[in-house]
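Novice:
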Amino acid sequence: LIGLVDDTTLGVDEVTTATETEEFDLCVEDVIVTTVRAEADPPEGEPCFDEDDYTIEITTSPAPSASPSDPPSPSPSDPPSPSPSASPSDPPSPSPSDPPSPSP
């Protein structure tokens with residue numbers, strides 16, 4: 062990355078950035094580990110550095126299941142039962158025929 066940095070001489074509290082692009086196939090499971098290391102050798106003071114590792118884990122989803130191979134079943138052989146009548150033949154009874162049973 063050092064070749065991507067325009068100015069490698071930085072003052073106190075100054076920053077610079079470098080960008081590097083990689084392409085990954087997201088259809089293939091993979092683990093990519095990259096390390097970034099920054100070093101400084103100030104004119105006054107001790108040299109210093111920092112290093113960070115970054116792990117990129119690509120996982121794929123299982124492939125969708127295939128469509129059913131059998132054709133749909135034929136329509137039912139029995140027609141549906143008739144809907145209840147809007148006008149019943151017998152009027153409702155005024156009360157239940159048997160009283161409720163006593164509690165056990």
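Its first residue numbered 62, the sequence shown is counted upward by one per residue in this note's numbering.
Beta carbons are placed, not taken as given, at the ideal position from N, Cα and C, and that holds for glycine.
Since we're looking at a predicted model, the values are computed, not measured.
1) Taking only the alpha-carbon atoms, compute the straight-line gap between A101 and G72 and give it to the nearest angstrom.
2) Quick check on the DSSP output: the beta strand (DSSP E) that includes E112 runs from which residue to which?
3) D91 lies in the beta strand (DSSP E); which residues open and close that run?
4) When you compare each of T70, E75, C88 and T80 to P123 by their alpha carbons, which one comes out closest?
5) Check whether the Cβ atoms of A99 and D111 lie closer than 7 Å to each other.
6) If we ignore side chains and look at the alpha-carbon of each, how far apart do A127 and E90 end up?
7) Taking only the alpha-carbon atoms, compute the straight-line gap between V94 and E107 and give it to the nearest angstrom.
8) Check this for me: beta carbons of E118 and V92, under 7 Å apart or not?
Specialist: So, to answer that:
1) 11 Å
2) C109 to I119
3) D91 to A101
4) Of T70, E75, C88 and T80, the residue nearest in Cα terms is C88.
5) Yes. Within cutoff.
6) C-alpha separation (whole angstroms): 22 Å.
7) 30 Å
8) Cβ atoms of E118 and V92: closer than 7 Å.
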